[in-house]
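In what follows, a structure is listed as C-alpha cells, so that the remarks can point back to it.
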Amino acid sequence: MFDKHLPSLIQEFIITYETGVSLENALKQAFETFNMDEVFNAQKKISTNYIELFNHYAFKRDDKEIWRFTRLISQLKKTGSQTAATALEKFHDELWQNLSVNAKLKSEKVTIQLTFILMLSLISVITVVITPILLIL
C-alpha cells in the first residue's frame, strides 16, 4: 500500500513544507491526504509525534525507500538546511524515475508474452489449415 503512494506522498510533503508549514504538520498533512493515517493509529496511543511514528514504522517495515525518506526528514528537522530539502527533491525524482522504468519493463515483458501467444496461435492456425490440404495430396 505504502510503496505505491510514496512518490506522491513525498511530493505532497514537499509542496506543503515549501508553503511554510512546520515539518511535523507537513508530514501529518501528507499522511492525511493519502489516507495513511490508519497506518499509525496503533502507535498514536504511544506518541503523537508524526516524525517519530514514521521512523518507528520505517524501522518495522525495513524498506529501503521508506527508511531513506525518514532519514531525509530527520536531517531536515535537525538542520533545516537547503541541502536536505534538495536531497529530498532528488529522492522524489529518483522514485518517479524508478517507477517509470519499472512500468516500461513490465510493459515490454507483457508485449513479449503476448507476441509469444500470438505466434503460437498463428502456428496452430497454419497447422489446422495446411494439414487437410496435405492429407488430400
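Each residue of the sequence shown is one higher than the one before, counting from 1240 in our numbering.
For every residue, glycine included, the Cβ atom is placed at its ideal position computed from N, Cα and C.
From a predicted model like this one, the values you see are computed outputs, not experimental measurements.
*Beta carbon of THR1272, beta carbon of ASN1294: below 8 Å?*
no
*DSSP on ASP1332, reduced to helix/strand/coil?*
helix
*asked:* Measuring alpha carbon to alpha carbon, tell me which residue in LEU1374, LEU1353, HIS1331, ASP1301 is nearest LEU1248.
replied: HIS1331
_Considering just the uninterrupted stretch of the alpha helix (DSSP H) at PHE1293, what are its terminal residues?_
1289 to 1300
_Within 8 Å, do at least three Cβ pairs link the stretch 1329 to 1344 to the stretch 1298 to 1316?_
yes
*asked:* Measuring straight from C-alpha to C-alpha, what distance separates TYR1256 and ARG1307?
replied: 18 Å
_Among LEU1353, VAL1368, LYS1303, GLY1259, whose alpha-carbon lies nearest the alpha-carbon of LEU1334?_
LYS1303
*Report yes if the C-beta distance between GLU1263 and ASN1288 is below 8 Å; otherwise report no.*
yes
_Comparing C-alpha positions only, which one of LEU1315, LYS1299, ALA1297, TYR1296 sits nearest to ALA1265?_
LEU1315
*Tell me whether LYS1267 is buried or exposed, calling it buried when 16 or more other Cβ atoms sit within 10 Å of its Cβ.*
buried
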